[in-house]
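First up is the structure itself, then whatever we jot down about it.
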């Protein structure tokens with residue numbers, strides 16, 4: 003009996019620890035977003051000011067990616083776009099590539115979260131592959147829809163058609179469930195005035211701090227001090243002076259805010275660096291504890307039962323419906339949480355420990371993309387009347403973009419290319435961990451900046467430089483596919499890459515270079531370390547775990 007009681011108590015404490023760490027993890031994501039906004043909000047607002055640059059679709063796409071990476075919030079980026087469209091500073095046609103970039107940039111959060119599991123190669127393989135499948139899906143969708151949109155304005159026309167077919171009125175309200183839970187803690191640390199970012203982009207910038215100094219308004223009693231008349235002769239003879247005026251109620255006055263940095267003398271940049279360091283430390287600590295607790299809880303039969311339920315399919319002939327149900331679940335949970343970043347970041351650790359397979363996580367991520375657009379639609383209904391139509395059309399463009407991505411890369415099973423590509427990335431990062439950092443920098447910083455620089459030089463320069471590079475990349479992909487599946491179709495010298503220098507066909511020389519420059523354990527060559535048996539007990543998901 004004592005042993006059972008002890009097990010129950012330990013299980014209860016583990017559950018409480020798991021929920022507590024999950025709560026702190028979500029709060030750390032909120033603080034991390036605030037830190038990035040403090041560090042780069044004015045830069046993000048200034049980026050949107052150049053309307054000539056935004057007229058270039060490639061530049062608009064890159065700006066959407068960079069701004070979302072900088073502020074770590076797709077909602078903030080979308081609100082900037084809405085305010086600029088409503089202020090006639092940006093056309094709907096020009097905002098479509100920006101919305102595509104916002105959708106791509108929001109996937110960086112799950113990629114950053116997966117880096118916390120780099121200590122174990124098997125967990126890192128699964129976690130990074132899971133985070134990569136989200137960004138690969140977004141990039142592949144952009145590669146198809148951006149040229150199509152530039153040629154036909156498909157999303158713009160479709161959103162205008164849907165907007166004209168409905169009669170919507172202001173008054174909608176987005177759910178605020180997650181914010182209600184996290185506000186008591188995060189608002190004690192810092193509160194930001196995010197409207198200043200949109201004001202900066204709209205040309206109404208101020209030099210004030212993004213940190214809130216005042217929170218709301220309150221009615222106060224203020225004593226007025228009018229000039230009293232000088233005492234006359236009657237007053238000098240003993241007549242009483244008139245009584246002083248009573249304090250009277252004045253208009254609303256802002257009460258001081260109540261958070262850690264309300265009276266600070268530090269600049270926004272200094273506060274941003276402090277919050278960035280603290281939030282990253284808290285995020286990594288919570289992730290490590292969550293993974294440890296999940297590994298201790300999900301053992302034996304419990305692990306088998308949980309994995310079987312999550313990764314199970316409907317009986318034949320309805321097994322194809324399981325993925326679409328997962329899309330609905332992902333959309334519903336994201337709608338409830340009101341944050342796709344939180345949902346996807348919570349999925350990645352579960353993939354790392356082997357609870358959720360890549361095949362099941364893929365539709366969950368797609369549903370999360372849909373869920374965040376439905377939240378944006380409701381938030382648009384709460385916009386002022388003069389911004390209602392603009393906000394709704396931007397939200398509809400975002401919705402149709404993700405819906406088109408699902409039609410392209412999920413409905414037909416053979417076209418689910420993000421899954422094998424993500425597995426390939428998982429294998430690479432398990433063997434060469436520096437590839438994860440290179441992928442992160444290239445996908446979300448260096449390549450977007452290079453494309454942005456070329457777009458500034460003009461469309462001719464962009465086409466002259468980018469066209470051959472894209473063609474060469476597509477040719478390499480095609481040759482690799484044919485080498486694996488139809489080598490007889492290729493000329494003899496293209497059936498392998500052995501004729502190329504080793505540094506062009508293998509990562510081994512680059513790995514030795516990185517290992518010599520960074521002689522740490524993380525970057526060292528992989529060791530054949532065996533994973534604990536309980537992580538591979540479920541045969542149904544064994545294939546998905548061995549990426």
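Residue numbers (our numbering): 3 to 549. Idealized CB from N, CA, C, for every residue including glycine. If you're wondering where the values come from, they're calculated on a predicted model, not measured in any experiment.
Exposure of residue i, with buried meaning 16 or more beta-carbon neighbours within 10 Å
| i | result |
| --- | --- |
| residue 29 | buried |
| residue 267 | exposed |
| residue 260 | exposed |
| residue 4 | exposed |
| residue 214 | buried |
| residue 498 | exposed |
| residue 184 | buried |
| residue 363 | buried |
| residue 163 | exposed |
| residue 62 | buried |
| residue 321 | exposed |
| residue 461 | exposed |
| residue 100 | buried |
| residue 60 | buried |
| residue 23 | buried |
| residue 6 | exposed |
| residue 360 | buried |
CB of residue i within 8 Å of CB of residue j, strictly
| i | j | result |
| --- | --- | --- |
| residue 329 | residue 372 | yes |
| residue 262 | residue 190 | yes |
| residue 378 | residue 80 | yes |
| residue 64 | residue 157 | no |
| residue 144 | residue 102 | yes |
| residue 119 | residue 274 | no |
| residue 107 | residue 154 | no |
| residue 425 | residue 131 | yes |
| residue 387 | residue 397 | no |
| residue 436 | residue 516 | yes |
| residue 395 | residue 161 | yes |
| residue 39 | residue 148 | no |
| residue 345 | residue 375 | no |
| residue 492 | residue 485 | yes |
| residue 442 | residue 113 | yes |
Rounded separation between residue i and residue j - CA only
| i | j | result |
| --- | --- | --- |
| residue 419 | residue 327 | 20 Å |
| residue 25 | residue 95 | 40 Å |
| residue 469 | residue 14 | 59 Å |
| residue 33 | residue 68 | 19 Å |
| residue 403 | residue 519 | 42 Å |
| residue 393 | residue 319 | 42 Å |
| residue 463 | residue 471 | 13 Å |
| residue 277 | residue 513 | 34 Å |
| residue 427 | residue 134 | 7 Å |
| residue 225 | residue 192 | Note that residue 225 scores 48 on pLDDT, short of 50, meaning its location in the model is unreliable; the coordinates nonetheless yield the value given after this. In a straight line, the C-alpha of residue 225 is about 33 Å away from that of residue 192. |
| residue 8 | residue 19 | 16 Å |
| residue 413 | residue 146 | 16 Å |
| residue 511 | residue 488 | 29 Å |
| residue 490 | residue 456 | 39 Å |
| residue 431 | residue 445 | 15 Å |
| residue 138 | residue 109 | 9 Å |
| residue 125 | residue 352 | 10 Å |
| residue 309 | residue 122 | 20 Å |
| residue 421 | residue 141 | 13 Å |
| residue 87 | residue 390 | 11 Å |
| residue 269 | residue 211 | 8 Å |
| residue 66 | residue 271 | 22 Å |
| residue 502 | residue 496 | 10 Å |
| residue 10 | residue 339 | 30 Å |
| residue 448 | residue 507 | 22 Å |
| residue 483 | residue 477 | 10 Å |
One or two residues paired with residue i in a DSSP bridge
| i | result |
| --- | --- |
| residue 312 | Residue 312 is not bridged to any residue. |
| residue 138 | None, per the DSSP bridge assignment. |
| residue 147 | Partner(s): none; residue 147 has no beta bridge. |
| residue 213 | 194 |
Contact belief for residue i with residue j at Cβ below 8 Å, rounded distance in angstroms
| i | j | result |
| --- | --- | --- |
| residue 356 | residue 128 | 7 Å |
| residue 289 | residue 16 | Actually they are not in contact, since the Cβ atoms of residue 289 and residue 16 sit about 16 Å apart, beyond 8 Å. |
| residue 76 | residue 104 | 5 Å |
| residue 332 | residue 369 | 2 Å |
| residue 347 | residue 31 | 6 Å |
| residue 72 | residue 83 | The pair is not a contact, with the Cβ atoms about 15 Å apart (cut-off 8 Å). |
| residue 312 | residue 358 | 6 Å |
| residue 417 | residue 410 | 7 Å |
| residue 324 | residue 316 | 5 Å |
| residue 281 | residue 37 | 6 Å |
Cβ of residue i within 8 Å of any chain B Cβ
| i | result |
| --- | --- |
| residue 493 | Looking for chain B here will not work: only one protein chain is present. |
Residue i beta carbon near the ligand MN (any heavy atom closer than 7 Å)
| i | result |
| --- | --- |
| residue 7 | With respect to the ligand MN, the structure offers nothing, as it holds no ligand at all. |
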